[in-house]
Every structure is written in C-alpha cells, then in structure tokens.
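Participant: Those sequence lines, one after another, are chains V and H. Residue 299 in the numbering used here is what sits at position 22 of the first sequence, and the numbering runs on without skipping anything. Residue 289 in the numbering used here is what sits at position 12 of the second sequence, and the numbering runs on without skipping anything. Please see the structure below; I have some questions.
Number of protein chains: 2
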Amino acid sequence: MTDRTNDAGTASPIRVLLADDENLIRDAVASLLDLEDDIAVIGQAASGTEAVAVARRLSPDVAVLDLQMPGLDGIEAAQQILAEVPRCACVIVTSHGRPGYLKKALEAGVRGFLPKTVSAKVLADVLRQVVAGGRYVDPELAAEAISAGASPLTAREADVLELAADGAPVEEIASRASLSPGTVRNYLSAAATKLGAANRHEAVRTARARGWI
Amino acid sequence: MTDRTNDAGTASPIRVLLADDENLIRDAVASLLDLEDDIAVIGQAASGTEAVAVARRLSPDVAVLDLQMPGLDGIEAAQQILAEVPRCACVIVTSHGRPGYLKKALEAGVRGFLPKTVSAKVLADVLRQVVAGGRYVDPELAAEAISAGASPLTAREADVLELAADGAPVEEIASRASLSPGTVRNYLSAAATKLGAANRHEAVRTARARGWI
DNA sequence: CCGCTCCCATGACATTCGTCATCGCCCTTC
DNA sequence: GAAGGGCGATGACGAATGTCATGGGAGCGG
Numbered sequence: 278m279t280d281r282t283n284d285a286g287t288a289s290p291i292r293v294l295l296a297d298d299e300n301l302i303r304d305a306v307a308s309l310l311d312l313e314d315d316i317a318v319i320g321q322a323a324s325g326t327e328a329v330a331v332a333r334r335l336s337p338d339v340a341v342l343d344l345q346m347p348g349l350d351g352i353e354a355a356q357q358i359l360a361e362v363p364r365c366a367c368v369i370v371t372s373h374g375r376p377g378y379l380k381k382a383l384e385a386g387v388r389g390f391l392p393k394t395v396s397a398k399v400l401a402d403v404l405r406q407v408v409a410g411g412r413y414v415d416p417e418l419a420a421e422a423i424s425a426g427a428s429p430l431t432a433r434e435a436d437v438l439e440l441a442a443d444g445a446p447v448e449e450i451a452s453r454a455s456l457s458p459g460t461v462r463n464y465l466s467a468a469a470t471k472l473g474a475a476n477r478h479e480a481v482r483t484a485r486a487r488g489w490i
Numbered sequence: 278m279t280d281r282t283n284d285a286g287t288a289s290p291i292r293v294l295l296a297d298d299e300n301l302i303r304d305a306v307a308s309l310l311d312l313e314d315d316i317a318v319i320g321q322a323a324s325g326t327e328a329v330a331v332a333r334r335l336s337p338d339v340a341v342l343d344l345q346m347p348g349l350d351g352i353e354a355a356q357q358i359l360a361e362v363p364r365c366a367c368v369i370v371t372s373h374g375r376p377g378y379l380k381k382a383l384e385a386g387v388r389g390f391l392p393k394t395v396s397a398k399v400l401a402d403v404l405r406q407v408v409a410g411g412r413y414v415d416p417e418l419a420a421e422a423i424s425a426g427a428s429p430l431t432a433r434e435a436d437v438l439e440l441a442a443d444g445a446p447v448e449e450i451a452s453r454a455s456l457s458p459g460t461v462r463n464y465l466s467a468a469a470t471k472l473g474a475a476n477r478h479e480a481v482r483t484a485r486a487r488g489w490i
C-alpha cells in the first residue's frame, strides 16, 4: 500500500500468523494489525492444529497464538511450530495471566508473552521486537512469576495434585497414576502441608494460583 | 428481517458503548465496528462499574458488555445500565458459553447474548437487530441451555452446593449457610444423587456445566 | 382436611481422607 | 561409601464425608 517504510523496518513487512478460536477477536485484531504499515497478517487459524498447519505452509515471520484454544493450546502449538519452522517467532497472548503458563511457554521457546489487557500498539511493538530477535514478557506477569518463586513440590507431588484437581477420589487418581492408593494419599498430604493448605482442594487452588500445576 | 439498507451518512448511526477489560480486544473490536457505516463506538470501558458510569453519561443506543470483567460482571452491569438508562439495549459477549449465564442474562433483560466465536459481521448485525427492538441469542448457546433443562435441585441444595464449590469443608459450609453440619451433608448427598455424581466435587462440576449453580 | 414437598435437624454406620511412622529402592552428591 | 533425597509402598488411627432412616414443622394444591 505504501512505500513509506518504518525507520527500523526493511522494505518487506512483517508476515504474521494469527491464531485464536474466537473469530470476533481474531478478525478484529487482524484488521487492527493490518493498519500498521510494516505488519501484514498473512494467515489465520481457529485452533492450535490449524495454526501449525498454516505455519508450515506459509512460514510466517511471527505467530501470534492465543493460549487457550481447542485441540492444541497455544504453547503446544508453539512447540510444534518451532520444531517445523524454526525461523518463526512465537508470541503468546492470553486472557488468564497465570504464572505457570509463562514458565512453560518460555521453556517451549516462546519469544513473547503478554495478556490481552495490553493495547494494540504494544502488541505491534512486541511483534517488531521479536522478529528482530528480541524477547518480550509482560512486566506484570513476569513479576508475578518471580514472586511466586520455584515450586516446593516434587515432580510426583505435582502430578498427583494435578490429577486431584477435578475432585476425583483417591482410587481414581491412584489408577490413573499407576500408584497405590496409600501412596497417593501420602503425596497429597505432603503437598497440602508444603502449601500450607488444610485439604487437597485448597492445595490445588494455591498451586494453581502460583502456577505450580 | 426488514430490508435494512444501512444508508450510511444520512440516518444517525447506532451509538455503541463497548466494555471489555482486555484492551487489545476492545480496541480491535471498536475499530472493526467503526468500519461499519451505520455504527459508531462512542464510548469504551474497562470494567463493569466504568461501563455503568459511561452509559449514564452518554446514554448510548446499545452497550456491548463482556461477561467476565473485574468488579461488576457483564450481567450485573447490564442490570444497572437498564435501571438507569432503560432505552439502552444490552448485549453480552463471552468466551465461555455456559448456559447458566444465558438464563441469568435473559432474566436481567439483556437483549443479545453471543460467544466471541462469532464473526464481526454477525456482531454488527446483532447490534442492528437489538436497537430495532429485537433480540438475538446465539443458536448453539440457546440449544445448550434448552437441552440442559430445569434444575432438579431445590433452592437450598443449590445454595449449599454453591458454597461447596471451592472445596470448603462441611463445617465451613454449615456456618456460612447457618445450618447444621448434618443438614449440609444431607443436602450435599441429595444433590450428588440427583446429579448422578459420585461425590460433591463431581456434583459441583456437572451443576456448573449445566448452569444450575 | 389430607397428602405432598421442601426445609431443618439428629443419630448411626460405612467409607474415604488426612496424617504419621516405617520400610526398601534407586539416584546423586559429598 | 555414606548421607541425603525423591519414589513407592504398607499399616494404623482419628477425622471428615457419604448414606440412610427418621423425625417435626411450614406451606401448598386437591
């Protein structure tokens, strides 16, 4: 449309893939990003699996992935995209800024992580930053993640607590984890103690809040 | 239904208030709606309380409210807006299409209810419909709500089940409901039986899913 | 008035859960 | 190689929970 290139930009615009299961949001963000001279939305997807397929086909500069999507979630999609299209930077956007996701996302190689509470201008800036090789994490989310610190739970304790998250009885957790019921109760008890919780449900809540499961 | 030829400039446009705590989404949807000739976003809000205040000040034709917002949620905001600005139609948009919310929203006098998975075009059409006095409910959500049917729980059972939702022990539920612990256990047991659940947690989940608490 | 349902309560019982002590096994670290 | 920690298990005991029977009082439609 224009030959007025941005100061930092090259002649070719940033090629963006947008993935979000909410059409309203996706359409809207797409049209907003397209308003930027140096950004072009070249593909859209309504699910994680679709996002991976489109990324493979179009090889975009950056993929903007919603965290919660049917099928593959944003982080899983990012992993697959990075495996197949390494030069594509991945940015996660999310409504629920839970710190645990941030950690997993960073481990998956995601280059940007920000809540949907940011303005469109910030998103555009972040895209420019990550395609230039940089990283961006929302300061507030980062602070939360840091203040939450490392999990005091062992790997198994976290596993079992996660299985207990939906209120399943001990027996079911035991069979699903291939453990003895007694062992499950021990882990649950240990986890609750470490988390200062009165029962397993409270433990699940605090562990969730801190991003430990 | 009528041949609504949106003859742009001549007729006065639909004046829209947009409320969503996610700036990215709100900005994006606003710019998208503004693309329509006969729609003008005249105000925005990032919370339910703010939405009420802005509605009182601007008296818009229609308020588009996100369901989940800090402070007042979309339905509560709609109630207050309708109380203060009766001529303003309220439309709820939401990510999580749980049937219970639909029922509450309709009871609150909301004129439109749709998930964010719809396209922007649909949203614009819905806005035109509701300002013309009509109603619109997403067909899928409506079907879910109908298939869920009426709650088999008595009022007290639902109360108690709701208090049990966060995994609180019986004693706490009892004191919060001003009931005997034994009574609480009876209600919980009755509710679980009616819902075909093995324990209170499963009961909470199914009741939630059906919109009964 | 009678039957019905909901409300609230009590008591009894079996089951599940939370907690503790203790054990063996496999790692890693010092 | 000894110490420590995570992992998996068992047994035991008190507390919490799920289930049932039973009771009385309030309200409502036939």
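Every residue gets a Cβ at the ideal spot worked out from N, C-alpha and C, and that includes glycine.
(1) Measure from the C-beta of alanine 305 of chain V to each C-beta in chain H and report whether the shortest distance is under 7 Å.
(2) DSSP three-state label for valine 387 of chain V, please.
(3) For alanine 425 of chain V, which option in V:Ala305, V:Leu379, V:Gly411, V:Arg433 has the closest C-alpha, if you only look at C-alpha atoms?
(4) Considering only the beta carbon of each residue, do glycine 320 of chain V and leucine 310 of chain V sit closer than 7 Å?
(5) Does DSSP classify glutamine 321 of chain H as helix, strand or coil?
(6) Taking DSSP as the reference, what is the three-state secondary structure of alanine 332 of chain V?
(7) State the start and end residues of the unbroken alpha helix (DSSP H) segment that holds aspartate 311 of chain V.
(8) Mind checking if leucine 301 of chain H is an interface residue toward chain V, Cβ cutoff 7 Å exclusive?
(9) Beta-carbon within less than 7 Å of arginine 477 of chain H's beta-carbon, same chain only, minus the 5 sequence neighbours each way: which residues are those?
(10) When DSSP builds the beta bridges, which residues end up paired with tyrosine 464 of chain V?
(11) To the nearest angstrom, report how far apart alanine 285 of chain H and valine 414 of chain V are at their CA atoms.
(12) Once the 5 residues before and after glycine 377 of chain V are set aside, which same chain residues still bring their CB inside 6 Å of it?
(13) Just to confirm my understanding: we take alanine 354 of chain V, look at its own chain, exclude 5 residues before and 5 after, and list those with CB closer than 6 Å. What are they?
(14) Enumerate in chain order the residues of its own chain whose CB-to-CB distance from glutamate 417 of chain H is below 7 Å, with the five nearest sequence positions on each side excluded.
(15) Can you name the start and end residues of the alpha helix (DSSP H) that arginine 292 of chain V belongs to?
(16) Scan the segment 365–399 of chain H for residues whose Cβ lies nearer than 9 Å to a Cβ of chain V and list them as they occur along the chain.
(17) Helix, strand or coil: how does DSSP classify proline 533 of chain V here?
(18) Pick from H:Ala419, H:Val403, H:Val387: whose alpha carbon is nearest that of leucine 359 of chain H?
(19) Can you list, in chain order, the residues of its chain whose CB lies under 6 Å from that of isoleucine 369 of chain H, leaving out five sequence neighbours each side?
(20) Can you list, in chain order, the stretches of the beta strand (DSSP E) that have 3 or more residues and sit fully within the segment 350–409 of chain H?
(21) For alanine 409 of chain H, which of H:Asp338, H:Leu438, H:Leu295, H:Leu349 has the nearest alpha-carbon?
(22) In the DSSP assignment, what residue or residues form a beta bridge with aspartate 343 of chain V?
(23) Determine, using beta carbons only, whether glycine 348 of chain V comes closer than 7 Å to chain H.
(24) Tell me the rounded alpha-carbon separation between glutamate 448 of chain V and valine 461 of chain V.
(25) Step through the CB atoms of chain V and report whether any lies within less than 7 Å of the CB of leucine 404 of chain H.
(26) Would you report the Cα separation of valine 362 of chain V and glutamate 434 of chain H, rounded to the nearest angstrom?
(27) For isoleucine 316 of chain H, which three-state DSSP category applies?
(28) Using the C-alpha atoms, what's the distance from cysteine 367 of chain V back to isoleucine 291 of chain V?
(29) Helix, strand or coil for alanine 285 of chain H per DSSP?
(30) At a CB distance below 8 Å, what residues from the segment 458–488 of chain V approach chain H? Give them in sequence order.
(31) Can you find the residues in the same chain that come closer than 6 Å, C-beta to C-beta, to serine 289 of chain V, ignoring five residues on each side of it along the sequence?
(32) Considering only the alpha carbon of each residue, which of V:Gly374, V:Leu456, V:Lys398, V:Gly348 lies closest to alanine 419 of chain V?
(33) Just the Cα atoms here: how many angstroms apart are aspartate 436 of chain H and aspartate 304 of chain H?
Facilitator: Let me spell this out:
(1) Mapped onto the first sequence, residue 305 of chain V falls at position 28. Taking Cβ atoms only, chain H reaches closer than 7 Å to alanine 305 of chain V, which makes this a yes.
(2) On the first sequence, position 110 is the one that residue 387 of chain V refers to. It is coil, neither helix nor strand.
(3) Reading the first sequence from its first residue, position 148 is the one you call residue 425 of chain V. Residue V:Leu379 is the option with its Cα nearest to alanine 425 of chain V.
(4) Stepping through the first sequence from its first residue, residue 320 of chain V is reached at position 43. Stepping through the first sequence from its first residue, residue 310 of chain V is reached at position 33. No, they are not a contact pair.
(5) In the second sequence, the residue the question calls residue 321 of chain H occupies position 44. Correct three-state label for glutamine 321 of chain H: strand.
(6) Numbered from 1 along the first sequence, position 55 holds the residue referred to as residue 332 of chain V. Alanine 332 of chain V falls in the helix class under three-state DSSP.
(7) Indexing the first sequence from 1 puts residue 311 of chain V at position 34. 300–311 is the span of the alpha helix (DSSP H), which, as asked, contains aspartate 311 of chain V.
(8) Mapped onto the second sequence, residue 301 of chain H falls at position 24. Yes - at least one Cβ of chain V is within 7 Å of the one on leucine 301 of chain H.
(9) Your numbering for residue 477 of chain H matches position 200 in the second sequence. Contacts found: Ala441, Leu465, Ala469.
(10) Position 187 of the first sequence, counted from the first residue, corresponds to residue 464 of chain V. Paired residue(s): none; tyrosine 464 of chain V is not in a bridge.
(11) One-based indexing of the second sequence puts residue 285 of chain H at position 8. One-based indexing of the first sequence puts residue 414 of chain V at position 137. For alanine 285 of chain H, the predicted model reports a pLDDT of 47, less than 50, meaning its position is unreliable and no value from the coordinates is stated.
(12) Walking along the first sequence from the start, residue 377 of chain V turns up at place 100. Gly488.
(13) Indexing the first sequence from 1 puts residue 354 of chain V at position 77. Excluding sequence neighbours, alanine 354 of chain V sits near Gly325, Ala328, Val329, Leu342.
(14) Position 140 of the second sequence, counted from the first residue, corresponds to residue 417 of chain H. Excluding sequence neighbours, glutamate 417 of chain H sits near nothing in its chain.
(15) In the first sequence, the residue the question calls residue 292 of chain V occupies position 15. Run containing arginine 292 of chain V: none in the alpha helix (DSSP H); it sits in the beta strand (DSSP E), 291–296.
(16) Val370, Ser372, Leu391, Pro392, Lys393, Thr394, Val395, Ser396, Ala397, Lys398, Val399
(17) Since the first residue shown for chain V is 278 and the last is 490, residue 533 of chain V is missing from the structure and cannot be characterised.
(18) Working through the second sequence from its first residue, we reach residue 359 of chain H at position 82. Taking only the C-alpha atoms, the option nearest leucine 359 of chain H is H:Val387.
(19) As a first step, residue 369 of chain H must be located in the second sequence, where it is residue number 92. Result list for isoleucine 369 of chain H: Leu342, Leu344, Gly351, Ala382, Val387, Phe390, in chain order.
(20) 366–371, 389–392
(21) In the second sequence, the residue the question calls residue 409 of chain H occupies position 132. Among H:Asp338, H:Leu438, H:Leu295, H:Leu349, the Cα nearest to that of alanine 409 of chain H is on H:Asp338.
(22) By 1-based counting over the first sequence, the position of residue 343 of chain V is 66. Answer by DSSP bridge pairing, in chain order: V:Val370.
(23) Residue mapping note: residue 348 of chain V aligns to position 71 of the first sequence, counting from 1. Taking Cβ atoms only, chain H never reaches closer than 7 Å to glycine 348 of chain V, which makes this a no.
(24) Reading the first sequence from its first residue, position 171 is the one you call residue 448 of chain V. Reading the first sequence from its first residue, position 184 is the one you call residue 461 of chain V. So the two alpha carbons sit approximately 8 Å from each other.
(25) The residue labelled residue 404 of chain H in the question sits at position 127 within the second sequence. For leucine 404 of chain H, the answer is no, since every Cβ of chain V falls outside 7 Å of its Cβ.
(26) The count along the first sequence starts at 1 and reaches residue 362 of chain V at position 85. The count along the second sequence starts at 1 and reaches residue 434 of chain H at position 157. Approximately 54 Å between the Cα atoms of the pair.
(27) Taking the second sequence and counting its residues from 1, one reaches residue 316 of chain H at position 39. Strand.
(28) Translated into the one-based positions of the first sequence, residue 291 of chain V becomes position 14. Translated into the one-based positions of the first sequence, residue 367 of chain V becomes position 90. Straight-line Cα distance between these residues: approximately 13 Å.
(29) In the second sequence, residue 285 of chain H corresponds to position 8, counting from 1. Only weak support exists for where alanine 285 of chain H lies, its pLDDT of 47 falling under 50; the coordinates are left without a value.
(30) Ala475, Asn476, Arg477, His478, Glu479, Val481, Arg482
(31) Mapped onto the first sequence, residue 289 of chain V falls at position 12. Taken in chain order, the list of residues that qualify is empty.
(32) Locating residue 419 of chain V in the first sequence gives position 142, counting from the first residue. It is V:Gly374.
(33) Within the second sequence, residue 436 of chain H is the residue found at index 159, counting from 1. Within the second sequence, residue 304 of chain H is the residue found at index 27, counting from 1. Each residue's Cα considered, the two are about 39 Å apart.
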